[in-house]
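S.K.: Numbering (UniProt numbering), first residue to last: 1 to 137.
Backbone N, C-alpha and C fix where the C-beta goes; we use that ideal spot for every residue, glycine too.
Nothing here was measured: the structure is a model prediction, and the numbers come from that model.
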Amino acid sequence: MPDCEISFDVSRIDFRATSDLLMASYWGSGRSDELHRRAFANSLCVGAYLDGKQIGFGRAITDRTVFAYLADVIIWPGHRGRGIGTRLVQALIDHPDCKTVTHWSLSTNDAHAVYEKLGFRPSSDGRYMRLDRVPAA
């Protein structure tokens, strides 16, 4: 796993690169920059950086108390398969604002193994996954 930096500083997010990559994904096709701006503004966003350059993104749609839904976890081509996505998701789960969140969920067509490493389990339909945990004190 590369020694990348994980940051919640939204001012560092390369919006253009992130929005373009998400619009090219199977789950983000049909979205617009305006939708991404609104979604990012209403989510807890995290970026991964290598030598100051963004190489990953993820966000949690959350009330920061009980529920969180992981969305748009994406790693730039050329940096995939090295554990960066796992680090992004773990950073969201461990974020101080989410310490009492007990219900995490997500939807994926192809990254089940990534999320299973973090304790997520498939739902009965095989697409949605969830993680229920005891809240931190």
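Is M1 helix, strand or coil when you go by DSSP?
M.R.: Indexing the sequence shown from 1 puts residue 1 at position 1. Here the model assigns M1 a pLDDT of 48, short of 50, so the residue's position is not dependable, and the following value carries that caveat. Of the three classes helix, strand and coil, the one that applies to M1 here is coil, per DSSP.
S.K.: Within 10 Å of its beta-carbon, does S19 have 16 or more other beta-carbons around it, so buried, or fewer, so exposed?
M.R.: As a first step, residue 19 must be located in the sequence shown, where it is residue number 19. Under the 10 Å beta carbon count, S19 is surrounded by 16 or more other beta carbons and is classified as buried.
S.K.: Taking one C-beta from the segment 103-116 and one from the segment 69-77 each time, how about it: are there three or more such pairs within less than 8 Å?
M.R.: yes
S.K.: Name the one or two DSSP bridge partners that W104 has.
M.R.: Numbered from 1 along the sequence shown, position 104 holds the residue referred to as residue 104. Answer by DSSP bridge pairing, in chain order: A68, L131.
S.K.: Nearest to C4 by CA position, among V46, D33, F40, L22, is which residue?
M.R.: Taking the first residue of the sequence shown as 1, we reach residue 4 at position 4. Nearest of V46, D33, F40, L22 to C4, Cα basis: V46.
S.K.: Going by C-alpha to C-alpha distance, which of V114, A91, Q54 sits closest to G78?
M.R.: Your numbering for residue 78 matches position 78 in the sequence shown. Among V114, A91, Q54, the Cα nearest to that of G78 is on Q54.
S.K.: What is the rounded straight-line gap between the Cα of G58 and the Cα of L88?
M.R.: By one-based count along the sequence shown, residue 58 stands at place 58. By one-based count along the sequence shown, residue 88 stands at place 88. Going by the C-alpha atoms only, they are around 7 Å apart.
S.K.: To the nearest angstrom, report how far apart L44 and A60 are at their CA atoms.
M.R.: Looking up residue 44 in the sequence shown gives position 44. Looking up residue 60 in the sequence shown gives position 60. The C-alpha of A60 is placed about 5 Å away from the C-alpha of L44.
S.K.: Can you tell me the Cβ-Cβ gap for residue 142 and G85, rounded? I've got them flagged as a contact below 8 Å.
M.R.: The first residue shown for the chain is 1 and the last is 137, placing residue 142 beyond what the model contains.
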